[in-house]
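Quick note: the sequence shown uses the working numbering, first residue 23, plus one each step.
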Amino acid sequence: MDPQIKLLFLDEHAMEGAARFGVSQEELSFIGGFQNFIYSYTREECKYILRFTPSTLRMQEGLEAELEWIRYLAENGMSVSEPIPSVHGIDIERVPGKIIDFYATSFRHAPGRKIGYPECLGNPLLYKQCGRTTGQLHELAKRYEPLARRHTWERNEYLLRARKYIPPEHELILHALDELNELLASLPVTPDNFGLIHGDINVGNFTVDETGEITLFDFDECQYSWFAEDIAIQLYYLLYVFGEDSKSERKVQYEMFIEHFVRGYTEDGRQMPAGWKEKLSLFLRLREIIVFVGIYRSWDLHQPDDWTRDFLRDSRMRIIKGLSLIDDFL
């Protein structure tokens with residue numbers, strides 16, 4: 023999270039936002055958050071999430087579109103973390119601040135447990151379930167007619183503010199981003215390959231219950247983009263954990279993910295998006311730039327640890343050369 027925003031979010035904001043949802047500040051447990059301030063609380067033995075979104079990050083219309091999208095998915099059979107209204111019967115409570123405001127929203131806590139590293143690696147059942155969930159989401163997106171509309175891919179906050187966060191010595195990263203944006207803008211857009219996506223499916227944003235069913239949450243990055251981007255994002259977070267000397271491991275992981283993800287996605291007669299596999303490299307490159315920008319925005323890099331230093335070095339090399347994590351073995 024932007025360090026300046028952290029300084030502006032005060033206990034009084036958390037207290038007022040909690041009260042709007044019938045919760046005292048003492049009942050809140052801080053979880054964290056990369057762009058928002060996230061808390062958990064319990065009511066009548068049920069667990070909930072309370073989220074504070076800075077007004078510098080999202081406008082109310084964007085939040086309304088996010089919640090409308092989540093409810094649509096839930097009403098059509100998807101397992102998602104649904105929003106719940108405040109004590110005033112509204113979904114979004116605006117908590118005023120002296121410099122910026124914060125939007126408070128609350129959600130049912132996703133059932134099940136998170137699967138982290140390394141458990142998620144080499145996991146065919148998980149990959150198939152990820153494919154099934156993603157396929158269901160994309161199929162519903164094709165029929166979705168929203169009242170409120172989210173932004174499109176080129177309005178992604180990381181892309182819009184990359185120049186603000188990337189230091190001058192990384193000007194080549196910005197050149198690479200400009201070139202990639204031009205390539206993406208030239209891609210064909212059809213109802214079968216482009217629509218509203220989750221935008222950040224990874225092991226941190228879903229839980230798995232005892233039956234293996236996935237519950238998606240954190241739709242804060244939902245946007246209109248190619249369905250292939252939703253696939254590439256999942257692949258990216260499975261591949262980047264391997265070091266630069268592990269190309270053979272990445273190849274095995276890539277092939278296993280693709281095989282079982284496609285099986286899940288195409289269940290019930292669903293078709294993979296047209297040209298999805300050919301677009302993976304482009305969207306892996308886009309995700310790498312977004313992660314690179316995010317690290318400079320949110321992490322203290324004055325004394326980076328060995329992993330961060332090595333990651334930024336290797337990531338910078340790939341971005342500047344126009345390479346993705348899969349180009350070495352495809």
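We treat Cβ as the ideally placed atom computed from N, Cα and C, and that holds for glycine.
For residue 115, the beta-bridge partners assigned by DSSP are 126. Look at residue 63 here: in three-state DSSP terms it is strand. Taking the Cα positions, residue 126 is about 24 angstroms away from residue 183. Residue 179 counts as buried, since no fewer than 16 other beta carbons sit within 10 angstroms of its beta carbon. With 16 or more other CB atoms across the displayed protein chains lying within 10 angstroms of its CB, residue 230 is buried. In this structure, residue 306 lies away from residue 246, with their beta-carbon atoms at least 8 angstroms apart. Segment contact: the stretch 140-149 against the stretch 54-71, fewer than three CB-CB distances shorter than 8 angstroms; contact not assigned. It is roughly 13 angstroms from the alpha-carbon of residue 78 to the alpha-carbon of residue 118.
Between residue 237 and residue 133, the C-beta gap is smaller than 8 angstroms, which places the two residues in contact.
Residue pairing from DSSP leaves residue 189 without any beta-bridge partner. Take residue 271, set aside five residues on each side of it, and the residues of its chain with a beta-carbon closer than 7 angstroms to its own are 264, in chain order.
Annotated three-state conformation of residue 75 is strand, per DSSP. In the structure shown, residue 248 adopts extended strand secondary structure according to DSSP, grouped into three states. For residue 52, the enclosing beta strand (DSSP E) stretches over residues 51-54. According to DSSP, residue 218 shares a beta bridge with 246.
The alpha helix (DSSP H) runs of length 4 or more contained entirely in the stretch 258-313 are, from start to end of the chain, 269-287. Residue 113 and residue 139 have their C-alpha atoms roughly 34 angstroms apart.
In terms of CA proximity to residue 80, 241 leads the group 339, 157, 241, 151. Residue pairing by DSSP puts residue 230 in a beta bridge opposite 135, 236. Collapsing the DSSP output to three states places residue 166 in coil.
For residue 180, DSSP assigns no beta-bridge partner whatsoever.
Restricting attention to 34, 147, 107, 308, the CA atom closest to the CA of residue 341 is found in 308. Below 8 angstroms, enough C-beta pairs join the stretch 85-98 and the stretch 164-181 to call them touching: three or more. For residue 108 against residue 52, the beta-carbon gap comes to about 20 angstroms, at or over 8 angstroms, which does not count as contact. Linking residue 260 to residue 334 through their CA atoms gives a straight-line distance of about 17 angstroms.
Under the three-pair Cβ rule at 8 angstroms, the stretch 288-299 counts as touching the stretch 152-165.
The beta carbon of residue 128 sits closer than 6 angstroms to those of 43, 70, 72, 106, all from its chain and outside the five residues before and after it, given in chain order.
In this structure, residue 212 lies away from residue 96, with their beta-carbon atoms at least 8 angstroms apart. For residue 279, same chain residues with a beta-carbon under 8 angstroms away, outside a window of 5 residues either side, are 149, 256, 257, 260 in chain order. When the Cα atoms are used, residue 203 and residue 65 turn out to be separated by approximately 45 angstroms.
The criterion of a C-beta distance shorter than 8 angstroms is not satisfied by residue 50 and residue 41.
Looking at the backbone, the Cα of residue 68 and that of residue 352 are separated by about 47 angstroms. Residue 225 is not bridged by DSSP to any residue. For residue 100, there is no enclosing alpha helix (DSSP H), as DSSP marks it with neither H nor E. When C-alpha distances from residue 215 are compared across 190, 328, 300, the shortest belongs to 300.
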